[in-house]
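In terms of numbering that gives the first Met the number 0, the sequence shown opens at residue 0 and continues consecutively.
The beta carbon of each residue, even a glycine, is placed where N, CA and C say it ideally should be.
All remarks here apply to the structure that follows.
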Amino acid sequence: MNKMLEDKSILITGGTGSFGNYFTQYILEHYNPKKIVIYSRDEYKQFIMANKFKDYQDKLRFFIGDVRDEPRLKRALNGIDYVVHAAAMKQVPACEYNPIEAIKTNIDGATSVINASLDSNVTRVVALSTDKAVNPINLYGGTKLVSDKLFIAANAYSGTKDIRFSIVRYGNVAGSRGSVIPFFQNIIDNGGNELPITDYRMTRFWIDLEQGVELVIKALAESQGGETFISKIPSFKITDLAKAMKPDCDMPEVGIREGEKLHEVMVTKEDSHHTYEYDKHFIIYPHMDWWNESKMIPGGIKVNQGFEYNSGNNTEWLNVEDLKELLAKTNYIH
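So this is what it looks like as structure tokens:
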């Protein structure tokens, strides 16, 4: 167990969400942090979370604030060692209908986190990315692509400070709000027998909250600044997920939605020039003047030119029985 989180102060933006709740629980159970600061806008969600973790009230602080508000962030970052940036507008339709708000949160908010971190004594910043930032076809993905670029470029502004910015990228977490599992489950709970499939060819990666948290901890521990960390995880067919959740269901094909992809893409062919494969993950290294190969994490093997990592060409797959087993262990977050 890596000890770098022992006696450290960690701030999580958007900390009342699915990831923030699980990250907090994981850190409190596996480490002895000095404090964890939950930075978010919703006082009611903070109230719920404070009650959930009432046995750890000496370790938790709740800070009302918006990532758009740089002065407020600077106040919250007083005494903080590590930042995990999880705050974002994530719902694709909401971002399409409210594009300026999405830009303010996902791009201007990222800028605020970077500036506030550079102006404080923070030493590590890990930002959560998404497969939708890869070759984006909707506004949400576009804003997250810009956010990723901002966090990578932030390393050029560190000067003599010991601060490193990195990114972790994964798709929808199994069972999290807005993902397909609770959508199907809601239909089943209400007596429905039809689980609509947008396209019978559609595939997705399977990652649970624990794997997501462990990838963030790896990035905090190993980053030299500018890397994008991507877990090696199994794929599944959406049709197999439907069969696993309700074996006798009808599966009408309803057509792919605007802004939706057939497969989740994590590493593009263009990224292959700078991507290295490790035992359990890939790392895309930055291609910047301030980066050099001496900063590379040992043990990686450069992928072949033209390599692409997506949920459709994966080498590891979950079948219906595998999915049934995993679903039995998944705690749905509605």
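Residue i - partner residues in DSSP beta bridges
i: W316; result: S234
i: R203; result: F235
i: F61; result: I37
i: N309; result: V264
i: S165; result: V125
i: S8; result: K34
i: K301; result: Y275
i: I196; result: E252
i: T227; result: I166 and I283
Residue i versus residue j: straight-line alpha-carbon distance, rounded
i: E209; j: V172; result: 10 Å
i: Y43; j: A49; result: 10 Å
i: P92; j: T159; result: 42 Å
i: R168; j: P246; result: 32 Å
i: A218; j: K279; result: 13 Å
i: P251; j: T110; result: 43 Å
i: K131; j: L138; result: 9 Å
i: Y55; j: G108; result: 29 Å
i: G13; j: I37; result: 7 Å
i: T267; j: Y308; result: 7 Å
i: N291; j: N189; result: 56 Å
i: S8; j: Y81; result: 7 Å
i: Y275; j: E263; result: 19 Å
Exposure label - residue i; buried when at least 16 CB within 10 Å
i: R256; result: exposed
i: M265; result: buried
i: R163; result: buried
i: A220; result: exposed
i: L325; result: buried
i: T23; result: buried
i: V253; result: exposed
i: P297; result: exposed
i: I332; result: Below a pLDDT of 50, predicted positions are generally treated as unreliable, and I332, at 40, falls in that range; the measurement from the model is reported next regardless. With 16 or more other Cβ atoms within 10 Å, it is buried.
i: R74; result: exposed
Anticipated Cβ contact below 8 Å, residue i with residue j, distance rounded
i: R67; j: T104; result: 6 Å
i: I196; j: A241; result: 7 Å
i: K323; j: A243; result: 5 Å
i: F235; j: S271; result: Their Cβ separation, rounded to whole angstroms, is 24 Å, which puts F235 and S271 out of contact at 8 Å.
Residue ranges of each beta strand (DSSP E) run of no fewer than 3 residues wholly in the region 238-284, ordered along the chain? Listed in chain order, they are 264-266, 274-276 and 280-283.
Which full runs of the beta strand (DSSP E) of 3+ residues lie inside the region 66-146, going along the chain? Entirely contained in the region 66-146, the beta strand (DSSP E) runs reaching 3 residues are, in chain order, 81-84 and 123-127.
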